[in-house]
Structures are given as structure tokens and as C-alpha cells.
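Just below is one structure, and these are the notes that go with it.
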């Protein structure tokens, strides 16, 4: 938005996504939030993500990405959460037995540009940059979604036990985590934007069901 650009000096050109984040662990299959109780889950150093894990009575343990494989191998933590592409790249299937495709977070990559530099460019160049960013994000999102499907099949072949929650089970995850995470975010930035986000999600879900 114009307000965001004014405050930050950075223009958002597009969003690309590298997949839904899923829980993996070595202890047991996770079908509902109750199965998370007592597990030590590696997270990023992100208070909101840590709150999400804690909302299901699991222990959130920040560990650097480069140390994750060894931490899982040595039992420092029981599990972690990542998109399937990252589980593949880091070979986490070698040290994780179970994956639950709960999709608790959509991992996104914002494509940004310095606003001062952007405005210094001729208008035709600005249009090219904007359109190219949109096109690149669209193509990347399609390729990534297709790749995630291949990842799941490959991870199963490599020995991971993969569980897809039912809709009722998925709603249990939503019910457990959404309130505590929203309360945390509201305590930091107020209600306006969290409420707008949840309203937009509900609208999109309703439109999807109609289609």
C-alpha cells in the first residue's frame, strides 16, 4: 500500500511462495493438536511461530537452519516444521519419520525494490520491472505447487510416514492455534490488520467453496 511504501521506503512488487509448512517428528504420527503435547519442535527465532507451537502444548526450540539436521539426528529436538521442498533439500527425511500435512503457515517470499530507486527509473522501465515481477511470481508459484506434489510422493518412497488430516482434524489445529497467535500479534500491532487478514481469508475460502 501507499502507506507501507511511505513508512518503509520499500515497494512490494509481488509475492512468491515456496510452500505450506508442515510438522515432522520422530516420535509419533500427529493427527490432532493433542498429539503435539510434549514434543520438542524446532522453530525459527520468530515469536509468532513459537507461540503457534506452544499453543498445542509442544516446546518451541529456536535452532539455526544450518544446525537443524544434527539437532534432529542427536535428539536435541524431536521435530521441526518446513515446506516439503526444504525437507527434501536438507535431507531431513533421513532423520525424521513422520510428516503431518497440516499446512499451518504458507511460506512466502516478497519481491521488493527500493522506492527511491524505483521512482528514479523511466516509466516504461518501471512497468517492465513490475510486470516481470508479477509474471515471475506467478510462474514460480505454479512450479512450486507442482513440485510439492512430487515431493510428497518422493518423501513417502524414502520412508516417511505421511498423514493428511481430515477437515475436522484440520479445524482442531485452527482452533488451537489461531486464538493465541492472533492475541500475540494484536498485542504488537493492534486489531485492525489481523482482523482484516482473517476477514480476507474467510472471504477467499467462501469463494473457493462456491467454485
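Residue numbers (my numbering): 1 to 211. All residues carry an ideal CB built from backbone N, CA and C; glycine is no exception.
Taking its Cβ as the centre, do 16 or more other Cβ atoms sit within 10 Å of residue i, making it buried, or is it exposed?
i           : result
residue 22  : buried
residue 127 : exposed
residue 110 : exposed
residue 207 : exposed
residue 179 : exposed
residue 173 : buried
residue 181 : buried
residue 19  : buried
residue 72  : buried
residue 177 : buried
residue 77  : buried
residue 35  : buried
residue 224 : For residue 224 there is no data in the structure shown, the boundaries of the chain being 1 and 211.
For residue i, write down the residues that DSSP places opposite it in a beta bridge.
i           : result
residue 212 : Outside the displayed range of the chain (1 to 211) lies residue 212, so it cannot be described from this structure.
residue 40  : 59
residue 141 : Answer by DSSP bridge pairing: none, since residue 141 is not bridged.
residue 125 : Answer is none; residue 125 lacks a bridge partner.
residue 110 : 15
residue 67  : Its beta-bridge partners do not exist; DSSP assigns none.
residue 80  : 24
residue 152 : Paired residue(s): none; residue 152 is not in a bridge.
residue 10  : 114
residue 30  : According to DSSP, which records beta bridges pairwise, residue 30 is partnered with nothing at all.
residue 105 : 21
By Cβ distance below 7 Å, which residues in the same chain neighbour residue i in space, the five residues on each side in sequence not counted?
i           : result
residue 169 : 31 and 32
residue 97  : 26, 160 and 161
residue 146 : none
residue 125 : none
Just tell me which of the options has its CA closest to the CA of residue i.
i           : options              : result
residue 131 : 2, 12, 3 and 59      : 12
residue 115 : 79, 10 and 160       : 10
residue 95  : 104, 79 and 62       : 79
residue 45  : 163, 182, 81 and 91  : 81
residue 104 : 112, 125 and 48      : 48
residue 4   : 165, 199 and 113     : 113
residue 164 : 101, 120, 187 and 50 : 101
residue 151 : 38, 27, 90 and 50    : 90
residue 17  : 203, 27, 29 and 84   : 84
residue 69  : 191, 26, 50 and 120  : 26
residue 142 : 65, 15 and 191       : 15
residue 1   : 193, 187 and 210     : 193
residue 153 : 7, 65, 99 and 67     : 99
Measure from the C-beta of residue i to each C-beta in chain B and report whether the shortest distance is under 8 Å.
i          : result
residue 97 : Of the protein chains in this structure there is only one, and it is not chain B.
Please work out which residues of its chain come closer than 8 Å, Cβ to Cβ, to residue i, disregarding the five sequence neighbours upstream and downstream, and give them in chain order.
i           : result
residue 93  : 87, 155, 158, 159 and 160
residue 129 : 13, 113, 118 and 121
residue 184 : 47, 48 and 51
residue 148 : 19, 20, 83, 84 and 85
Taking 6 Å as the limit between beta carbons, can you name the residues of its chain near residue i, skipping five residues before and five after?
i           : result
residue 59  : 40
residue 63  : 42 and 71
residue 117 : none
Could you tell me whether the stretch 53–62 touches the stretch 132–145, using the rule of 3 or more Cβ pairs below 8 Å?
no
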